[in-house]
Amino acid sequence: MVLLAIILDILSVGNYFFQLTVGPHTGVAYWLGTILQIIFAVILLLFAITYKGKKNIDVKVPGYKNDVPTLRYSIIMASLILNIPVIFLYVLNLTGAPIIFGG
Numbered sequence: 000m001v002l003l004a005i006i007l008d009i010l011s012v013g014n015y016f017f018q019l020t021v022g023p024h025t026g027v028a029y030w031l032g033t034i035l036q037i038i039f040a041v042i043l044l045l046f047a048i049t050y051k052g053k054k055n056i057d058v059k060v061p062g063y064k065n066d067v068p069t070l071r072y073s074i075i076m077a078s079l080i081l082n083i084p085v086i087f088l089y090v091l092n093l094t095g096a097p098i099i100f101g102g
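Residue numbers (numbering that gives the first Met the number 0): 0 to 102.
In structure tokens, the structure reads:
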């Protein structure tokens with residue numbers, strides 16, 4: 000699941016560069032990119048919810064919480080947390096505020 004989350008991140012970056020190069024010439028690329036980004040975020044949300052591996056480890060270091068997220072679960076959550084604001088920026092771009100693609 001972690002490898003798939005990383006692959007989805009790579010696809011999201013490819014989606015961004017596709018919109019950056021093709022988008023100014025056609026508005027369809029922006030719609031397609033937004034829909035793909037929503038699909039990627041939903042898949043990542045499903046990964047985070049259905050993750051069966053160990054989510055926390057116990058750390059016995061003074062000053063730290065007892066439960067620290069594992070690296071695998073952290074990768075999935077970081078991917079999800081970074082992809083959701085991108086959807087918001089894509090929607091802003093569709094509504095006429097070209098923040099993410101300049102303008």
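For every residue, glycine included, the Cβ atom is placed at its ideal position computed from N, Cα and C.
Of the choices the options, whose alpha-carbon is the least far from that of residue i?
i     : options             : result
Leu3  : Ile86, Tyr89, Ala47 : Ala47
Leu79 : Leu10, Leu44, Val90 : Leu44
If you draw a straight line from the C-alpha of residue i to the C-alpha of residue j, how long is it?
i     : j     : result
Leu70 : Asn92 : 33 Å
Ile56 : Tyr15 : 35 Å
Ile38 : Thr25 : 21 Å
Lys51 : Pro23 : 42 Å
Tyr89 : Asn65 : 38 Å
Phe17 : Ile42 : 20 Å
Thr94 : Val60 : 49 Å
Go through its chain and collect everything with a Cβ distance to residue i's Cβ below 7 Å, but skip five positions before and after it.
i     : result
Leu19 : Phe100
Taking all protein chains shown into account, decide if residue i is buried (16 or more other Cβ within 10 angstroms of its Cβ) or exposed.
i     : result
Gly62 : exposed
Thr33 : buried
To which residues of the same chain is residue i closer than 8 Å at the C-beta, ignoring the five residues directly before and after it?
i    : result
Val1 : Arg71, Ile74, Ile75
Excluding the 5 residues flanking residue i on each side, which residues of the same chain have their C-beta closer than 6 Å to its C-beta?
i     : result
Val67 : Ile56, Val58
In terms of residues, what are the limits of the beta strand (DSSP E) holding residue i?
i     : result
Pro68 : 66-68
Ile98 : Neither: Ile98 is in no beta strand (DSSP E) and is coded neither H nor E.
Tell me which residue opens and which closes the alpha helix (DSSP H) that residue i is part of.
i      : result
Thr105 : No statement about residue 105 is possible, as the shown extent of the chain runs from 0 to 102 and does not include it.
Val12  : 1-21
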